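Novice: Top to bottom, those sequences are chains C and E. Okay, so the first sequence: first residue is 1 according to this note's numbering, each after it adds one. Okay, so the second sequence: first residue is 1001 according to this note's numbering, each after it adds one. Okay, here's the structure, questions in a sec.
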Amino acid sequence: MHPLIHELKDIMRLLDRFVGHYPIYLYLVDSSNTVAWFNRYMSEMLPEIHVGQKLPCKNALLPCDEDCIECITSREDDWHKHPEKRQIKTSAGSGTGKQHLEFFNLPVYQEDDIVKGALRIGMDVTDNERIQEKLREKEKRFSAIVKTSTDAIIFLDNEERIINWNKGAEEIFGYTEAEIIGQHIKILMPEELLDLGELSHIRNELNDKGALKKFETQRRHKDGRLVYVDISSSLIYDEKGKISGASEIIKDIDARKALEFELLRTILELSKLNELNEILHRTYEEREILRIILIAITAGEGLRFNRAFILMLDKEEQTLKGHLAIGPSDAEEASRIWSELNQDYHYLRDIIQIYKIDLEGADKKVNEIVSQIEIPLSHQDHILTRALNSKRVIYVKDGEIASPATNIADSCDSDLIDLLKNDTFVAAPVYSKTEPLGVIIADNCINRREITPEDIEGLKLFASHASSAIENARLYRKLEDRIQEAQDAYKQLAENQEKLLRAERLATIGEMSAKIAHEIRNPLVSIGGFARLIERKIPENSQVMQYARIISEQVSHLENILGNILNVANPPEPVKQQVNINKVLRQVLEMMAPAIRERQHRLVEILADQPLLVNGDEKMLHQAFLNVIKNGVEALEHRKADGEIRIHARSEDGNVVVEITDNGPGIEKSLLGKIFSAFFTTKSGGTGLGLSIVNQIVESHNGRIDVTTQSRQGSTFHILLPEVVGVDTVDVSLVENG
Amino acid sequence: MKKILIVEDEAAQRMLYETEISEMGYNVVLAKDGLEAVEKMQSEKPDLVVLDLMMPNIHGLDALRKLLGINPNIPVIIHTAYSHYKDNFMSWAAEEYIVKSSDLSELKNAIKRVLSTRIVS
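Okay, here's the thing in structure tokens:
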């Protein structure tokens, strides 16, 4: 037994019993660091421990590892003199590695304050140590993540000053750690958003919910530009549960936002196109369509080109011809026009509705230019014919064809550049499914804004919409023409209906009556012929001679009727030569005068002084006037002394006009349509052929007959025949047959 | 005295024409149809033929062709109840085309006119 334990054994035993079953390691050393006593936990852990064992160094209970610094320096150890805590590594324990023990050194004093030795009380802290290690590892890993993250990870203190700044933050915002640490978070915020109170909004969110998730906003880069970001933030608490600051994870979403904007822009483009399409299909006027397209190409709400020109294909002449253009002649005018428009109108459709292309004013110059463009299709190398034929948009930049790309340098026709006074423009073809229609040229010659691929794409789309609208308009116009044709044809048909019906009726009746007439004519020749023979053979004034005369007269009358019937059924073709209507009328009146005088009617002749010449069949015209005048005389049947027949012949507007007026009872309105029909008559004993023959004759002379009538005041027949200019020809005399 | 061949299928009319034309001072020969007309044309050698068209056996226009075959210079007056043969090509071979009427003055004028021009030419 160690002398020290001898002195302390009662205390030791007491202590050991007190500690009991707790795994508390106890041992006692003397001033030379030699083991004087140990408890059973110690011997369980270190089976080789024994009383009198000198411990190798202050850190170890066992012979040390080779690299134990304490052993190497072999410094005099006086640990036992100081009450302090020390960790002592042991290799004891099974499997899981070294065991960590923590011993508390409790010096044992003599009465004269000399240290006799020390009691060491130890506990196994291996588990604690593992937790600590894990924490350290986690911390390491976390800081690695923070360091290498492409997202900005920022920590703020309670005053919102930046206390942590990682690589990601540097990349997104451009500031180095040294520049930014200690700065207020405001340094990253755009002023407009500060003014809008974004910072207090974030504070409130954090205070209310403890965190902020994926808040999308903008932050300012060191170089001043704005960056789209999303921010997730949360409060940081210290071990006492007090808020010590906040963390912010900031993602750069610029690229995603750009895509989103692109999408939005595309949607806007589409709706713009839809709008345009709707407006375009409301009209069927080709020029109006061209106007709409031009406005859409140049409007701020449209493609924003400065100027636009439309050329259309002239199929007959096989040329591309300038049609219409829009655009100011200088920047001043441009800004005036658009600021006027943009003040009141925000939609494409409004602008299209109110903006008229002013050929005499704002758009005069461009229209002068466009009217000078005329390119024969045979000129196949020309940039515009190429656009038309290849159905591709051609982009000319600085006088060279920039798109579609070609291997060899390809320059644009200089005449066009000279005319446009601009060497950078786009030419887009307009073509339907079946045929090329024209070309649109657009440029930015006023503000020199660069033509982007989106502009070109937009122009291509607008051109294709124009094509379909123009094609529709043309189809519609064709349809309209057809409808008009059909309507005209229908009208003509309706007009002819009456004539046709009459002709058909006449044809049937005519055929039958012609047969009968011919059969009757032969016996009439014999009857009448012999009656005349008798008339001549027997003495004058005898009774029989009178009878014979009656027979021959009646036969003549019958023959007349037959002749008329045959005329209607089988109208003879007029044998035309120059005829003086004055002369014909005089002959007719000479024939009719005795009958008129006999009835005591008045005859008024107003004939022209000069010859009234027409190209006609004298016999037929004679017949026609005779029939009308006879008709007039018959209309005066019931009048006594005051009956009047008035004949008025004159030249008027290239026609010979003959008016034959009676003051008889007039013609009933309901009968007016029928009086020129064959077999229509109101007279007893009439054949109803007289006026229909007149009508036939007048028509075969390309003339016109109509009648005006007033009840109880009489009727006037107007006969119009085309007048001819006289030439000296031999007037063939009329052969009269009585 | 000029000899006129009158071709007419109606007996009554033949009688009428014979009486009237003879009174004008012509020698009248009659034929009742086309066939007889051809015979008489050869045997009688008339100076003028007055020819009806609608006749049995041969149509007047066929008869006309035959008559002209015998004597291409014979003047012929077509004398018919029908006006529409006027447009027929063969009718142009005749000197005159007279539509029948109980008033024979037109026929008589035509005979006088045709025979007088023939004498002159």
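Quick reminder that beta carbons are idealized off the backbone N, C-alpha and C, glycines included. This structure is a prediction, so every number in the text was calculated from the model and none was measured.
Anything in chain E within Cβ reach of E559 of chain C, meaning under 7 Å, just list it in chain order.
Specialist: Working through the first sequence from its first residue, we reach residue 559 of chain C at position 559. Those within 7 Å of E559 of chain C in chain E are S1101, S1102.
Novice: Using 10 angstroms around the beta-carbon of N1057 of chain E, count the other beta-carbons present and answer buried if the total reaches 16, otherwise exposed.
Specialist: By 1-based counting over the second sequence, the position of residue 1057 of chain E is 57. It counts as exposed.
Novice: If you run the structure through DSSP and keep just helix, strand and coil, what is A362 of chain C?
Specialist: Within the first sequence, the letter at position 362 stands for residue 362 of chain C. If DSSP states are grouped into helix, strand and coil, A362 of chain C belongs with coil.
Novice: Output the distance between the C-alpha atoms of V115 of chain C and K138 of chain C, rounded to the nearest integer angstrom.
Specialist: Working through the first sequence from its first residue, we reach residue 115 of chain C at position 115. Working through the first sequence from its first residue, we reach residue 138 of chain C at position 138. Each residue's Cα considered, the two are about 44 Å apart.
Novice: Measure from the C-beta of G690 of chain C to each C-beta in chain E and report whether the shortest distance is under 8 Å.
Specialist: Numbered from 1 along the first sequence, position 690 holds the residue referred to as residue 690 of chain C. Judged by the 8 Å Cβ criterion, G690 of chain C is not in contact with chain E.
Novice: Can you tell which of C:L194, C:I154, C:H201 has its C-alpha closest to the C-alpha of I181 of chain C?
Specialist: Residue mapping note: residue 181 of chain C aligns to position 181 of the first sequence, counting from 1. If we check each option's Cα against that of I181 of chain C, C:I154 comes out closest.
Novice: DSSP beta-bridge partners for L212 of chain C?
Specialist: What you label residue 212 of chain C is simply residue 212 of the first sequence in a count that begins at 1. C:S233, per the DSSP bridge assignment.
Novice: Would L626 of chain C count as contacting chain E if we go by Cβ distances under 8 Å?
Specialist: For this step, residue 626 of chain C is matched to residue 626 along the first sequence. So, not an interface residue.
Novice: Name the chain E residues whose beta carbon is nearer than 8 Å to that of R532 of chain C?
Specialist: Against the first sequence, residue 532 of chain C aligns to sequence position 532. Chain E residues near R532 of chain C: S1102, D1103, L1104.
Novice: With 16 other CB atoms within 10 Å as the buried threshold, where does N33 of chain C fall?
Specialist: The residue labelled residue 33 of chain C in the question sits at position 33 within the first sequence. Per the 10 Å Cβ criterion, buried.
Novice: Taking its Cβ as the centre, do 16 or more other Cβ atoms sit within 10 Å of R75 of chain C, making it buried, or is it exposed?
Specialist: As a first step, residue 75 of chain C is located in the first sequence; it is residue number 75 there, counting from the start. In this predicted model, R75 of chain C has a pLDDT of only 46, less than 50, meaning its place in the structure is not dependable enough to derive any value.
Novice: Rounding to the nearest angstrom, what Cα-Cα distance links I520 of chain C and H1059 of chain E in this structure?
Specialist: In the first sequence, counting from the first residue as 1, residue 520 of chain C sits at position 520. In the second sequence, counting from the first residue as 1, residue 1059 of chain E sits at position 59. Taking the straight line from one Cα to the other gives about 20 Å.
Novice: Can you list, in chain order, the residues of its chain whose CB lies under 6 Å from that of H2 of chain C, leaving out five sequence neighbours each side?
Specialist: Locating residue 2 of chain C in the first sequence gives position 2, counting from the first residue. Here the set comprises A36, V51.
Novice: With burial defined as no fewer than 16 other Cβ atoms inside 10 Å of the residue's Cβ, what is the status of R307 of chain C: buried or exposed?
Specialist: Start at 1 with the first residue of the first sequence, and residue 307 of chain C comes out as number 307. It counts as buried.
Novice: Alpha carbons only, please: which of E:K1112, E:I1111, E:N1071 is nearest the one belonging to S1043 of chain E?
Specialist: Walking along the second sequence from the start, residue 1043 of chain E turns up at place 43. S1043 of chain E has its Cα closest to that of E:N1071, out of E:K1112, E:I1111, E:N1071.
Novice: For R712 of chain C and N663 of chain C, I'd like the C-alpha separation in whole angstroms.
Specialist: Translated into positions along the first sequence, residue 712 of chain C becomes position 712. Translated into positions along the first sequence, residue 663 of chain C becomes position 663. Near 8 Å, if we compare the C-alpha coordinates of N663 of chain C and R712 of chain C.
Novice: Determine the contact status of F425 of chain C and A296 of chain C, defining contact as a CB-CB distance below 8 Å.
Specialist: Counting from 1 along the first sequence, the entry for residue 425 of chain C is found at position 425. Counting from 1 along the first sequence, the entry for residue 296 of chain C is found at position 296. Not closer than 8 Å, so no.
Novice: K365 of chain C and S329 of chain C - do their beta-carbons sit closer together than 8 Å?
Specialist: Your numbering for residue 329 of chain C matches position 329 in the first sequence. Your numbering for residue 365 of chain C matches position 365 in the first sequence. Yes.
Novice: Rounded to whole angstroms, what's the CA-CA distance from L119 of chain C to N105 of chain C? Just pull it up for me.
Specialist: As a position in the first sequence, residue 119 of chain C is number 119, starting the count at 1. As a position in the first sequence, residue 105 of chain C is number 105, starting the count at 1. Going from the Cα of L119 of chain C to the Cα of N105 of chain C covers about 6 Å.
Novice: Taking only the alpha-carbon atoms, compute the straight-line gap between L626 of chain C and V588 of chain C and give it to the nearest angstrom.
Specialist: The residue labelled residue 626 of chain C in the question sits at position 626 within the first sequence. The residue labelled residue 588 of chain C in the question sits at position 588 within the first sequence. Near 6 Å, if we compare the C-alpha coordinates of V588 of chain C and L626 of chain C.
Novice: Using DSSP with H/G/I as helix, E/B as strand and the rest coil, what is T452 of chain C?
Specialist: Locating residue 452 of chain C in the first sequence gives position 452, where the first residue counts as 1. Looking at T452 of chain C - three-state DSSP - the assignment turns out to be coil, as it is neither helix nor strand.
Novice: Closer than 7 Å by beta-carbon distance: list the chain C residues that pair up with Y1082 of chain E, in chain order.
Specialist: Counting from 1 along the second sequence, the entry for residue 1082 of chain E is found at position 82. Per Cβ cutoff of 7 Å: H518.
Novice: Look at the alpha carbon of E66 of chain C and the alpha carbon of K9 of chain C, and state the distance between them as a whole number of angstroms.
Specialist: Translated into the one-based positions of the first sequence, residue 66 of chain C becomes position 66. Translated into the one-based positions of the first sequence, residue 9 of chain C becomes position 9. Any reading at E66 of chain C must be qualified, since the residue scores a pLDDT of 48, below 50, and its modelled position is unreliable; no value is offered.
Novice: Could you tell me how far apart the beta carbons of I697 of chain C and A624 of chain C are, in whole angstroms, since I believe they sit closer than 8 Å?
Specialist: What you label residue 697 of chain C is simply residue 697 of the first sequence in a count that begins at 1. What you label residue 624 of chain C is simply residue 624 of the first sequence in a count that begins at 1. Yes, they are in contact, since the Cβ atoms of I697 of chain C and A624 of chain C sit about 4 Å apart, within 8 Å.
Novice: Cβ of T1019 of chain E less than 8 Å from any chain C Cβ?
Specialist: On the second sequence, position 19 is the one that residue 1019 of chain E refers to. Yes, T1019 of chain E lies at the interface with chain C (some Cβ there is under 8 Å from its Cβ).
Novice: Go ahead and label M1024 of chain E buried or exposed: buried means 16 or more other beta carbons lie within 10 angstroms of its beta carbon, across all protein chains shown.
Specialist: The residue labelled residue 1024 of chain E in the question sits at position 24 within the second sequence. Looking at its Cβ environment, which holds fewer than 16 other Cβ atoms inside 10 Å, M1024 of chain E is exposed.
Novice: Step through the CB atoms of chain E and report whether any lies within less than 8 Å of the CB of S556 of chain C.
Specialist: As a position in the first sequence, residue 556 of chain C is number 556, starting the count at 1. Interface residue, yes.
Novice: Would you say E1096 of chain E lies against chain C (beta-carbon separation less than 8 Å)?
Specialist: By one-based count along the second sequence, residue 1096 of chain E stands at place 96. Not an interface residue.
Novice: Along the chain, where does the beta strand (DSSP E) containing D662 of chain C start, and where does it finish?
Specialist: Mapped onto the first sequence, residue 662 of chain C falls at position 662. 655-662 is the span of the beta strand (DSSP E), which, as asked, contains D662 of chain C.
Novice: Against chain C, which members of the segment 1031-1057 of chain E pass a CB distance test of less than 7 Å?
Specialist: Flagged: no residues at all.
Novice: Compare the Cα-Cα distances from G528 of chain C to each of E:I1078, E:S1105, E:E1039, E:A1037 and report the closest residue.
Specialist: In the first sequence, the residue the question calls residue 528 of chain C occupies position 528. Comparing Cα-Cα distances from G528 of chain C to each of E:I1078, E:S1105, E:E1039, E:A1037, the minimum goes to E:S1105.
Novice: Report the residue from C:N274, C:G616, C:N580, C:S31 whose alpha carbon sits nearest the alpha carbon of P572 of chain C.
Specialist: For the purposes of this step, residue 572 of chain C is taken as the residue at position 572 of the first sequence. Comparing Cα positions, the closest option is C:G616.
Novice: Contact between the segment 408-418 of chain C and the segment 286-305 of chain C is defined here as three or more beta-carbon pairs at a separation below 8 Å; is this criterion met?
Specialist: Cβ pair count under 8 Å is below three, so no.
Novice: Are the beta-carbon atoms belonging to V656 of chain C and L612 of chain C less than 8 Å from one another?
Specialist: Here residue 656 of chain C corresponds to residue number 656 of the first sequence, with the count starting at 1. Here residue 612 of chain C corresponds to residue number 612 of the first sequence, with the count starting at 1. Yes, the pair counts as a contact, with Cβ atoms nearer than the cut-off.
Novice: So, is the C-beta of S526 of chain C closer than 8 Å to a C-beta in chain E?
Specialist: Translated into positions along the first sequence, residue 526 of chain C becomes position 526. Chain E contact via Cβ: present.
Novice: Grouping DSSP H, G and I as helix and E and B as strand, with all else coil, what is I1006 of chain E?
Specialist: For the purposes of this step, residue 1006 of chain E is taken as the residue at position 6 of the second sequence. The answer is strand: DSSP assigns I1006 of chain E an E or B state.
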